[in-house]
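Everything in the sequence shown is counted per my numbering, starting at 2 for the first residue and increasing by one. We put the CB at the ideal spot given by N, CA and C, even for glycine. What follows is a single structure, written as structure tokens, with notes after it.
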Amino acid sequence: MNPSKTASSVAPVDGAESSAYDHTFGSRTLDEGDDVWSHNAWDHVVPPQEHTDMVEELLNKQAESRVCDDDAARYHAHASEYWDSFYSRHENRFFKDRQWLRIEFPELIAATRADAPPTTIVELGCGAGNTVFPLLSMNKNANLRLVACDYAPQAVQVVQNHPLYQNQSTCEAYVYDLSAGTQHARSTATEAERLPPNIEPESVDIVVLIFVLSALHPNEWKAAAENVYRMLKPRTGLVLLRDYGRHDLPQLRFKKNRLLDDNFYVRGDGTRVYFFTPEELMSIFNVAPRGQHKQERFEAQQMAIDRRLLVNRKERKQMFRVWMQAKFLKTASS
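Right under this line is the structure:
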């Protein structure tokens with residue numbers, strides 16, 4: 002079980018984050034002499050060498066039985082349909098509302114205050130609305146616009162059927178393919194289709210990407226980043242991103258015939274997941290370290306790793322979670 006967070010548990014990647022975040026680091030660190038079994042979770046724990054050796058062994062074993070080309074092609078061609086089936090089965094019962102948003106992404110909370118300026122927030126890959134509904138429920142900003150998008154029509158339907166979605170004018174929900182414009186998109190996208198419905202170029206203040214890029218094919222990342230760039234306001238538009246990190250626990254739990262490509266897997270339900278490094282995310286968005294941008298499209302306000310050691314005291318198991326977290330500021334006009 003992952004205990005409720007009371008402080009941010011991310012640690013900055015060198016050169017990518019200012020010291021303004023230093024005071025928000027996780028509240029429980031495992032120091033020399035501490036009893037690892039005395040708590041259920043510890044922040045910022047770098048795995049020991051024996052864990053690293055075990056990871057290498059597991060990855061080698063996964064690589065021995067990759068998904069065959071025909072099956073992989075099917076998963077890629079019908080990616081949105083697998084997610085559609087997922088939300089048809091689970092509706093809004095699988096993922097919990099993201100109450101940690103106020104800790105990790107206070108920019109979202111600030112936009113809901115009564116004295117906040119007019120703000121447009123677009124969540125791409127909204128799923129069942131686990132980000133937009135916490136924001137909608139606390140909103141006091143009469144000029145807030147929330148736009149929830151997903152390429153699974155059933156996910157959008159779940160959002161539209163939610164009681165909080167009814168009889169309000171703040172939130173809109175649309176079917177939209179973030180990967181529009183790539184070979185794996187469902188259709189050849191026109192220029193207008195590369196942006197969500199009713200979203201004009203350079204009109205969005207914040208784009209939220211929570212566990213979204215990991216569901217895309219690596220060939221779709223650049224087009225996704227381009228589409229995000231197009232919709233954000235220049236010099237103030239912000240990307241808030243959280244996703245799976247390299248060698249996160251779920252990656253190590255995959256068995257044979259689940260590996261599509263290096264660090265890219267298919268789950269039993271047909272949905273896909275990739276496990277990132279900070280360098281990959283910086284490259285995808287063409288990001289420069291804070292204060293060093295020249296030709297880059299984004300500046301890293303935050304590029305961080307959230308490491309958490311989960312402890313099962315009854316079974317004497319230690320499990321290492323790894324997430325990526327980023328805040329990228331658009332630096333210029335499209």
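Nearest neighbour of residue i, chosen from the options [CA to CA]
i	options	result
N144	R243, A112, T132, N162	A112
L261	R273, K141, L253	R273
L147	S66, D206, W84	D206
I306	R317, K328, E297	K328
Y177	G271, N199, L102, N313	N199
M139	C150, A115, E124, L31	A115
L310	D249, V288, C69	D249
E105	Y245, E316, L241, P279	L241
D72	R317, G271, E316	G271
P13	M304, H79, A225	M304
K315	E201, V37, N228	V37
A226	G128, Q161, L282	L282
T237	E194, I122, A216, V312	I122
T132	A117, P118, H163	H163
L217	D70, W84, H52, Q167	W84
S86	N228, V288, V157	V157
E124	T53, H79, N228	N228
Residues of its chain near residue i, where Cβ-Cβ distance is below 7 Å and the 5 sequence neighbours each way are ignored
i	result
F95	Reliability of the predicted coordinates at F95 is poor, the pLDDT of 45 falling under 50, and the value obtained from them is presented with this limitation in mind. No residues qualify anywhere along the chain.
Q100	P135
W222	L214, I285
L165	F134, L137, S138
E194	A181
T171	L137, N140, L145, R146, L147
Q50	none
H52	F321
Cβ-Cβ distance between residue i and residue j below 8 Å
i	j	result
R254	V323	no
V159	G182	no
R243	M325	yes
R308	V47	yes
F277	Y245	yes
Same chain, Cβ closer than 6 Å to residue i, five either side skipped, listed in chain order
i	result
G173	According to the sequence shown, residue 173 is Glu rather than Gly. Only V148 meet the Cβ criterion.
S188	Confidence in S188 is poor, its pLDDT being 48 and thus under 50, which makes the residue's placement too unreliable to answer from.
Y152	S81, D178
T120	A112, L145, D206
Y175	C150, P197, P198
P251	none
E33	none
P279	V14, M304
Contact set for residue i: own chain, Cβ-Cβ below 8 Å, skip 5 residues either direction
i	result
P235	E203, K331, T332, A333, S334, S335
L239	E108, D206, I207, V208, L233, Q302, K328, F329, L330, K331
K257	K62, Q63, E65, S66
P219	D262, F265, Y275
H24	Interpretation of H24 is limited by its pLDDT of 39, a score under 50 that renders its predicted location unreliable; no figure is taken from the coordinates.
V68	Y76, N258, R259, L260, L261, V267
R29	H40, A42, W43, D44
L59	L253
Y22	At Y22 the pLDDT is 40, less than 50, meaning the model places this residue with poor confidence and gives no usable figure here.
L102	L109, I110, T132, P135, L136
F212	G126, R243, D244, Y245
K318	V312
D340	The question about residue 340 has no answer, for the chain in this structure spans 2 to 335.
P118	N144
Contact with chain C by residue i, beta-carbon distance below 8 Å
i	result
E105	The structure shown contains no chain C, having only a single protein chain.
Whole-angstrom C-beta distance between residue j and residue i, which should lie under 8 Å
i	j	result
F286	R268	The Cβ separation is near 26 Å, so there is no contact.
G126	L196	No, G126 and L196 are not in contact; Cβ-Cβ is about 15 Å, not under 8 Å.
Y88	Q161	Their Cβ separation, rounded to whole angstroms, is 12 Å, which puts Y88 and Q161 out of contact at 8 Å.
* To do: Starting from the N-terminal side, write out each stretch of the alpha helix (DSSP H) that is 4 residues or longer and does not extend beyond the stretch 218-251.
  => 222-232
* Unbroken beta strand (DSSP E) runs of length 3 or more, entirely within the stretch 100-143: which are they? -> 120-125
* To do: Write down every uninterrupted run of the alpha helix (DSSP H) in the stretch 253-295 whose length is 4 residues or greater and which is fully enclosed by it, in chain order.
  => 279-285
* To do: Please go through the stretch 156-210 and give each complete alpha helix (DSSP H) segment of 4 or more residues, from N-terminal end onward.
  => none
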